[in-house]
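Protein chains: 2
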Amino acid sequence: MDEKQLYINFGKAIGDETRATIMESLCCVWLSVNDLVETLGESVKQPTVSHHLKVLEEAGLVYVQQVGRNRYYTLNRRAVQVCCNVVVTRLQALTEGDVIPLDSIPVLDIP
Amino acid sequence: MDEKQLYINFGKAIGDETRATIMESLCCVWLSVNDLVETLGESVKQPTVSHHLKVLEEAGLVYVQQVGRNRYYTLNRRAVQVCCNVVVTRLQALTEGDVIPLDSIPVLDIP
DNA sequence: TTGACATATCGACACTCATCAATATATACT
DNA sequence: AGTATATATTGATGAGTGTCGATATGTCAA
C-alpha cells in the first residue's frame, strides 16, 4: 500500500470517536474484547467493538494475541508514529525554499 | 474544543481521498477554487471542492484569503503539525516505564 | 446597468458505515 | 459427551456524507 492510502486509512481509523476511544484505551496495555466493552462503559456492545478491532487490525494499528478463549489487543504505537510521520512529511514543505508564492496575487504570504 | 475532538476532526479530514488530495495540493501554495478543480483533473466538480474546502476551513486546517472574485486557500501546516502531535502524545506511553515490549509477548500481565 | 466570471449554497441521490440483535464459531471446563 | 464463556460473523437498519446539477450570491469589467 502506498503512503497516501496508508494515512488515509489512518485518518479513517482515528476519525471515529468510538475507534479513537478504543485506540486510547489500548495504548500501552493488553485488553481483551470484553475488557474493552467494560472500559467503554457498556455504551458500545460487543459486536461493535469486535467490528472496530477488525478495522484497526486490518489497518495494522493493533497487535493481537490469542490466549485461551480470550483475544488480547494492544495499540501498535510504532504504526501510529509512522502514520503521523507520513502525514507531516507529505503535508510540509520539503525544504524552506519550497514555499511558493503565487505571482498573480499581490501580497500573499504563507503563514 | 478539546484535544480528542481536535484530532478526530483531523482524522475525518485526511480520511477522505479527495480531501487528502486537496490538502496535499494546498501544501505551500495558494490556490483558488478553480485552480484546485483544474489540479484535480476535472474529476471533481466545483461544488464538491467548495464543500471540502468548507470542511477543511471549519477544522482550521486551511487559511483563506479573498482577492477580488477569487478565494485563495493554502494549507495550515502548523495545524497539521499540532494535530499529529496531539495524536502521538495521546497514543504513546507517558513514560518509558509504560512501554510494553512488543517482542516479548508470551508473558501477559492481565488483571 | 448589464454581462461575465468565481464561488457558495441548496436539494437530491447514492453510498459508506456505525450500530446492534441474533447467530455461529471456538475454546475451556466438568 | 455436554455446558459455559469469549469472540467473530451475519443481516438489517439508520445516520452520516460525498457527489453533482441547479441556483444563488458576490465581484469585476465595460
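Taken in sequence, the protein lines are chains A and B. Each residue of the first sequence is one higher than the one before, counting from 1403 in this note's numbering. Each residue of the second sequence is one higher than the one before, counting from 1403 in this note's numbering. From the three backbone atoms N, C-alpha and C, an ideal C-beta is built for every residue, glycine too.
Between residue i and residue j, what straight-line distance do the alpha-carbon atoms span, to the nearest angstrom?
i: T1420/B; j: L1493/B; result: 27 Å
i: E1405/B; j: A1422/A; result: 12 Å
i: W1418/A; j: G1470/A; result: It is Asp, not Trp, that sits at residue 1418/A in the sequence shown. Approximately 30 Å, taken between the alpha carbons.
i: I1424/A; j: R1480/A; result: 17 Å
i: P1513/A; j: S1445/B; result: Summary for P1513/A: the model assigns pLDDT 49, below 50, so the residue's position carries little reliability, and this model does not support an answer.
i: E1459/A; j: Y1465/A; result: 7 Å
i: E1498/B; j: N1411/B; result: Any reading at E1498/B must be qualified, since the residue scores a pLDDT of 47, below 50, and its modelled position is unreliable; no value is offered.
i: L1477/B; j: V1489/B; result: 19 Å
i: Q1467/A; j: L1455/A; result: 12 Å
i: Q1448/A; j: N1472/A; result: 13 Å
i: V1431/B; j: T1491/A; result: 16 Å
Round the Cβ separation of residue i and residue j to the nearest angstrom and send it over; I've been treating them as touching at under 8 Å.
i: L1433/A; j: Y1474/A; result: 7 Å
i: L1463/A; j: V1484/A; result: Not really, about 10 Å apart at Cβ, beyond 8 Å.
Among all the DSSP beta bridges, which residues are the ones paired with residue i?
i: T1476/B; result: Y1465/B
i: S1434/B; result: Y1474/B
Determine the contact status of residue i and residue j, defining contact as a CB-CB distance below 9 Å.
i: G1413/A; j: A1415/B; result: yes
i: S1427/B; j: L1408/B; result: no
i: V1435/B; j: V1457/B; result: no
i: C1486/A; j: C1486/B; result: yes
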